[in-house]
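Contents: one structure, followed by commentary.
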Amino acid sequence: MKEIVTSTHDKQLKEDLAEVKDILGEIADTAPGIVREDIRKLVSGNGKMLRPSFTTIAGRYGNFEGERIYNMAAAVELLHNATLIHDDIIDDASIRRGKPAIHMLHGNKLAILAGDYLFSRSIVVASEKSRTAQYGRLAGAVAKICEGEIIQDSEKYVLNPSIRSYKRRIAGKTAVLFAISLYIGANEAGCSSDDCSTFSRIGYNVGMAFQIIDDLLDITGTPAVTGKPTGRDITEGIYTLPVLYALENDDGRLGRLLSKYPYRRHTVKKITKLVCESSGPEKAAAQAELYSDRAMREISKLDEGYTKYQLSVLVKNLLKRNY
């Protein structure tokens with residue numbers, strides 16, 4: 037996947053992300069030898085770089101000091117990559133960004149340690165380069181991410197999880213880190229408390245929309261475009277918003293199929309087909325749009341300029357994405 041850059045005419049974000057990638061590369065070069073190359077590929081690969089984008093964009097709303105902001109953006113991305121390593125183990129995913137997942141190469145033990153290493157480096161970078169207590173905020177984000185994963189794991193194959201519980205799950209898994217990415221950039225740049233709170237709300241709402249769309253694409257997406265097989269969440273017993281909405285008006289067929297786990301591939305295809313034929317995807321898309329609209333309302337509070345423009349276009353692009 038390519039980085040999401042909001043304008044082909046705007047070089048600023050690309051330049052900022054290049055600086056962040058340099059820092060990530062330097063950190064990867066200090067990783068333990070056996071996983072060094074794998075960590076280097078992960079942090080310098082073809083990810084979207086959304087979270088560090090948010091940090092630099094918010095940082096440019098205030099007193100932008102390159103070294104501080106770039107390091108905070110790198111810390112956020114390190115934390116994100118640590119969660120990816122652990123997620124792949126939890127989900128038994130064999131591929132990450134087109135390459136074998138680290139646990140497939142080195143086993144679970146070393147992969148867990150590699151993820152822990154990135155977590156710790158994230159906190160170290162934040163504590164060394166920040167003038168405020170950003171490392172504490174990152175540590176708090178880790179706790180929320182774990183909470184989201186625990187909720188998700190405890191609800192696997194549960195046919196009646198509430199939509200409220202689903203939203204708590206994705207808030208922890210995704211929205212919290214989006215929120216902290218923007219908050220840290222603004223806070224490190226000396227923005228006011230009110231502005232920092234606005235950025236946090238923007239991130240939270242964008243994160244909720246982003247994850248709902250991600251879950252929607254797992255049902256309706258094209259594997260050649262998304263790079264992932266459809267129905268992966270269903271295969272793992274994770275029922276996302278399109279499925280939950282489809283169950284609300286189920287005539288019994290969907291529920292019967294979902295109750296026969298673990299699922300074979302042909303069963304997953306039947307489940308996916310039923311969900312696609314229901315109002316579930318449409319209702320889920322409406323929820324994603326609702327959160328995007330909330331984010332845009334928060335963005336409208338910002339002064340005109342680079343940050344407001346970049347966030348506005350980025351949010352619109354995220355809602356339209358098909359990957």
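Each residue of the sequence shown is one higher than the one before, counting from 37 in the working numbering. Think of the CB as a built atom: it goes at the ideal place given N, C-alpha and C, for glycine as much as any other residue.
At what residues does the alpha helix (DSSP H) containing residue i begin and finish?
| i | result |
| --- | --- |
| R204 | I199 to I206 |
| I216 | V212 to E224 |
| N117 | G102 to D127 |
| C232 | S229 to T256 |
| G176 | Q170 to S190 |
| E325 | G316 to I335 |
| K145 | I138 to K165 |
| G341 | Looking at the DSSP string, G341 is not in any alpha helix (DSSP H), and its letter there is neither H nor E. |
| P265 | P265 -> no alpha helix (DSSP H), and no H or E assigned at all. |
| V279 | L277 to E284 |
| L290 | R289 to L294 |
| R301 | R301 to E313 |
Quick one: is residue i buried, meaning 16 or more other Cβ sit within 10 Å of its Cβ, or exposed?
| i | result |
| --- | --- |
| K47 | exposed |
| G172 | exposed |
| T119 | buried |
| S336 | exposed |
| I93 | buried |
| D339 | exposed |
| V194 | exposed |
| N99 | exposed |
| I121 | buried |
| P68 | exposed |
| I186 | exposed |
| K209 | buried |
| A322 | exposed |
| D74 | buried |
| A215 | buried |
| I70 | exposed |
| H116 | buried |
| G184 | buried |
| K165 | buried |
| R333 | exposed |
| N107 | buried |
| I220 | buried |
| E313 | exposed |
| G316 | buried |
Taking just the CA atoms, how far does residue j sit from residue i?
| i | j | result |
| --- | --- | --- |
| K319 | L253 | 14 Å |
| M37 | D52 | Because the pLDDT at M37 is just 38, under 50, the model does not fix this residue reliably, and the point stays unresolved. |
| P136 | Q188 | 24 Å |
| A25 | R72 | No answer is possible for residue 25: it lies beyond the span of the chain, which begins at 37 and ends at 359. |
| S217 | V112 | 6 Å |
| K57 | V79 | 8 Å |
| G151 | M140 | 14 Å |
| L290 | R268 | 17 Å |
| I249 | L283 | 18 Å |
| G341 | Y97 | 8 Å |
| T266 | T256 | 7 Å |
| S228 | Y299 | 51 Å |
| G226 | R167 | 10 Å |
| E241 | V351 | The question names Glu, yet the displayed sequence has Asn at residue 241. N241 and V351: Cα-Cα distance of roughly 10 Å. |
| H45 | I63 | With a pLDDT of 40 at H45, under the threshold of 50, the modelled position of that residue is not reliable, and the figure given next carries that caveat. Approximately 30 Å, taken between the alpha carbons. |
| A147 | F155 | 12 Å |
| T18 | D127 | Absent from the structure is residue 18, since the part of the chain shown begins at 37 and ends at 359. |
| L280 | A245 | 16 Å |
| M85 | L49 | 11 Å |
| H142 | K344 | 43 Å |
| I125 | K192 | 16 Å |
| L293 | E325 | 30 Å |
| A109 | K356 | 25 Å |
| T42 | S89 | Any reading at T42 is ruled out, since the residue's pLDDT is 47, under 50, leaving its predicted position unreliable. |
| S348 | K305 | 36 Å |
| V160 | G102 | 18 Å |
| Q247 | L354 | 10 Å |
| G273 | T262 | 20 Å |
| E55 | R104 | 11 Å |
| A222 | G288 | 50 Å |
| L149 | Q346 | 36 Å |
| D231 | K145 | 42 Å |
| D286 | G176 | 39 Å |
| D251 | R205 | 12 Å |
| K296 | H302 | 12 Å |
| K203 | I59 | 34 Å |
Measure from the C-beta of residue i to each C-beta in chain C and report whether the shortest distance is under 8 Å.
| i | result |
| --- | --- |
| Y106 | The structure shown contains no chain C; it is built from a single protein chain. |
Assuming residue i and residue j are in contact, meaning their beta carbons sit under 8 Å apart, how far apart are those beta carbons, in whole angstroms?
| i | j | result |
| --- | --- | --- |
| I181 | V212 | 7 Å |
| N82 | R133 | 6 Å |
| I199 | L277 | 7 Å |
**Report entry** Segments of 4+ residues assigned as alpha helix (DSSP H) that fall wholly inside the segment 62–95
**Finding:** 69–79 and 86–95
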